[in-house]
Structures are given as structure tokens and as C-alpha cells.
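Note that the sequence shown covers residues -17 to -1, 1 to 328 in mature numbering (1 follows the signal peptide of the UniProt record, and there is no 0). Taking it in order: structure first as C-alpha cells, then the write-up.
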Amino acid sequence: MASMLMCFLVFFGATLAAGFSDAQPKPVPGLSYTFYKSTCPKLESIISKQLKKEFKKDIGLAAGLLRLHFHDCFVQGCDASVLLDGSASGPSEQDALPNLTLRPAAFKAINDLRALINKKCGVVVSCADVVAVAARDSVALSGGPNYKVPLGRRDGLTFATQNVTLADLPPPTSNVSFLINTLNKLNLTITDLVTLSGGHTIGLAHCTSFTNRLYQTQDTNMDKTFAKNLKLTCPAANTTNTTVNDIRTPNTFDNKYYVDLMNRQGLFTSDQGLYSDSRTKSLVLKFALNQTQFFEQFALSMVKMGQLSVLTGSKGEIRTNCSARNSGSGLWSVLEPLVETASTF
Ligand code: HEM
């Protein structure tokens, strides 16, 4: 009897523990995990099926899509403003320096998904949600954690100016204090910083993003052999060549980025600094030694980043074409306050 009771307690305890570890963070008001349950129930399988096909042809697209979500969310919130083409009102976010290296294939993949979803469900899913789910699938299909994405974002009507875009996306030459301050303005913590930087476990970088560490003087915080090889790829500071972000497993989403940092083989000043600064070093070590802990925290930090300043309810719109706001949306934004005023009389 006692052993049966023991068995029950062990089983019950384990179930509870599993339940806790599976717990999803509470979505911000307006978003939910079941947002398209009745309007587009197949949404997530449409996206993952299509991306599986695309990644077979070009696994680099996964990195492109993950970075696109980051660049969307850090500037004006996750409102797909980064997808808007420039217009008569001025150059778009896309034209700002940090966005010039976003992959054209990533923009195309989102527009292709948009068309596919419109065909199957009608125009009910926002481009911002498509970007968030595509980023999650990019992580999961590259070997990283699978996690649920709160949905219900709406698409913004405007893009940010060049100056705002530049101020919101930290450059790769940033030191840790600058990065902490930048993320702090978005209510993201030091843990979020170290964790989200782990996105550099996949993808590419252009020489111009790190040659500040090779020329004129070589960064002493970079492994000498690593630097020598990078100089072969980037014989001059402004070469247009690219190299992989994570030399150990460039196309796999794993914790090797942190192992790179421990070996002074991080690419950017902003990467390598995380291992020299006392505020971030212990977390780098923890993630280098324990991939499970990295994956769990990455899922949490991504869900947090993915909900930054989202538009919900009747704000913004659902764009028919992710590259342009709907025609007539300017008219609605003028009419809405009038309707509200009228109804108060
Ligand atoms: C913390 C501050 C960050 C800085 C300073 C930074 C900087 C950069 C730079 C300079 C590149 C290379 C661009 C190029 O030369 O082509 C890059 C690539 C990349 N970044 Fe970041 N990044 C940061 C955070 C993040 C975050 C939060 C994520 C996602 C969670 C991310 C995901 C990526 C990916 C996947 C690539 C490769 C893109 C591709 O291959 O197309 N980065 N990042």
C-alpha cells in the first residue's frame, strides 16, 4: 500500500512538474494562443509545410526570417512595418542601414506565405503574425526549440523614419553597456540580451559588420587563428564577402554560439563582449554548458520580444499585400475618430 502511494506521488509529482515546464507565458492583452482557431485553423501547418519546402532549397532563409522578426519588433513594435516599401512620404525602414542586409529571400517568403494564406483563409491573418510564426518555424526547423506563438497582431499603417530605425537597432560594434541600455528601453532584461543574441547560432554576416575588429588594429579579444582566417575572407575592411556567424555548426540552431564565445570566436564586438562583461559572462557559460536551459529561455525571450508594442483589436489593419498598406487605409484612419465622435452625441 505504501509503495502504491509512493508510486502515485512520484507519478503525480512528475506530471505536475511536466505541466509547469510546458506552461506558456500569458499573452499580452489582445493576443491569444488560439486567435485563428475558427478563422484560419490550418494557419500554422500552412506556414510550416511551405517553409519546410523552402528550407530544403535554401536553409539560409531560416536565418533571414529570424532576423526579420527581430528587426520588425525592435523598431516600432512587431507591426510588420519593416515589410513596407518606401513611398512618396520618404524612404522606408528597409532603406535604413541595418536593414540593407536583410535577405530579399525573406521578404519574398513572407509575401508568398501571405498569398497562400489569403487563398486558404481569406485576408484574416496579419503579416506581423506571419513573420512571428515564420521566425518560430525557422528556429524549430533548424534544430532549435519549438514554442507556441501568441497571435492576433495587426499590421501598422506607417513605417519608422531612418533615424528612429537606426536608433532602435544596435550596431554590431556596440559594447555590453550600450546593448543593455538599448534593450532596457524595450523592457528586455540582461537575460533576454544574452539569450536572444544566441540567434547568431545560424546565418551569415558581411565583412563590414566585423572588420572593425581586424583592421587597423586587431582586437585582442579575438582568437588569433580565427582572426587570421577571417582576414582571408575579408582581405580589406570594406570587402563585400560574407562568413558564417557560428563557425562550429553554422546552419543548426544549437548552443554552439556560446561555445564560440568561450573560445573567443564570436564575430561581432556585440557578441564577444557578452563573454568579457561580468554582467553577462555567467549566462554565456550556463548556456554553453546546457543547451536545454538555453532553449527554454530562448523560447521565453522570443515570446517576449514577439509581443513588443503590438497593435491589437481595431488598431492598424490586416494588410492584403505585406509590402504596402491597403489602399483606403488612410481614409479609414481619418474616418474612425469622426465615427467615434458621432456616436458620443
Ligand atoms: C543584440 C544585438 C544584435 C546585434 C548588434 C546584431 C547584429 C547583427 C548583424 C550586424 C548581423 C549581420 C548582418 C550582415 O552583415 O549581413 C546579424 C545577423 C543576424 N542576426 Fe543579429 N544582431 C543582434 C540581435 C539579434 C537577435 C535578437 C536575433 C534574433 C533573435 C538576431 C538574429 C540574427 C540572425 C539570424 C542573423 C543572420 C541573418 C542572415 O543570415 O541573413 N540578431 N546580426
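Each residue gets a CB set at the ideal place from its N, CA and C atoms; glycine is no exception.
Restricting attention to Gln199, Gly60, Ser259 and Thr223, the CA atom closest to the CA of Val147 is found in Gly60. Listed as beta-bridge partners of Arg137 by DSSP are Leu294. A straight-line Cα-Cα distance of about 28 Å links Leu213 and Ile163. Spanning the alpha carbons of Val113 and Ile30 requires a straight line of approximately 8 Å. In the DSSP assignment, Glu76 is bridged to no other residue. Taking 7 Å as the cut-off, one finds at least one heavy atom of the ligand HEM near enough to the beta carbon of Ile185.
Within 10 angstroms of the beta-carbon of Arg262 lie fewer than 16 other beta-carbons, which makes it exposed.
Around the C-beta of Leu215, fewer than 16 other C-beta atoms lie within 10 Å, and the residue is accordingly described as exposed.
Thr84 has its Cβ nearer than 7 Å to a heavy atom of the ligand HEM. Not one heavy atom of the ligand HEM is found less than 7 Å from the C-beta of Phe90. Counting only residues of its own chain and dropping the five nearest sequence neighbours on each side, Arg119 has a CB closer than 6 Å to the CB of Val132. Classified as buried, Asp237 has 16 or more neighbouring CB atoms from the shown chains inside 10 Å of its CB. In this chain, Leu187 is not harboured by any alpha helix (DSSP H); it is covered by the beta strand (DSSP E) spanning Leu187 to His189. Short of 6 Å from the beta carbon of Ser157, and not among the five residues preceding or following it, lie these beta carbons of its own chain, in chain order: Ser253. About 35 Å separates the beta carbons of Thr295 and Asp229, which is beyond the 8 Å limit, so they are not a contact pair. In this structure, Phe281 sits away from Gly126, with a CB-CB distance that is not shorter than 8 Å. Per DSSP, reduced to three states, the secondary structure at Ala220 is coil, with no helix or strand assignment. As for any alpha helix (DSSP H) of minimum length 4 sitting wholly inside the stretch 202 to 269, the runs are 207 to 216, 239 to 245 and 252 to 259, ordered along the chain. Distance from Ala111 to Asp138 at the Cβ level is roughly 6 Å; contact confirmed, criterion being Cβ atoms closer than 8 Å. A direct Cα-Cα distance of roughly 46 Å separates Asp202 from Ser28. Distance check between Ser284 and each of Lys207, Asp68, Thr174 and Glu300 places Thr174 closest, using alpha-carbon atoms only. When secondary structure is reduced to three states using DSSP, Asn304 falls in the strand class. In the structure shown, Ser312 falls within a helical segment according to DSSP collapsed to helix, strand and coil. If only uninterrupted alpha helix (DSSP H) runs of at least 4 residues are considered, those enclosed by the stretch 155 to 181 are 159 to 167 and 173 to 180. By the C-beta density criterion, Lys25 is exposed, having fewer than 16 other C-beta atoms within 10 angstroms.
By the C-beta density criterion, Gly249 is buried, having at least 16 other C-beta atoms within 10 angstroms. Contact between Val108 and Leu257 does not hold, since the beta-carbon distance rounds to 36 Å and is not under 8 Å.
Proximity to Glu37 across Thr191, Asp55 and Ala92 peaks at Ala92, based on C-alpha coordinates. Only residues of its own chain outside the window of five on either side were considered, and among them Thr194 and Tyr198 have a CB closer than 7 Å to the CB of Ala220, listed in chain order.
Taking a C-beta distance under 8 Å as the contact criterion, Asp78 and Gly69 qualify as a contact pair. Annotation for Asn94: Cys305 place their beta carbon closer than 6 Å to its own, counting only its chain and skipping 5 residues before and after. Here Pro155 is near Ser192, since their CB atoms are less than 8 Å apart. Following the DSSP letters along the chain, one finds Ile29 inside the alpha helix (DSSP H) bounded by residues Leu26 to Lys40.
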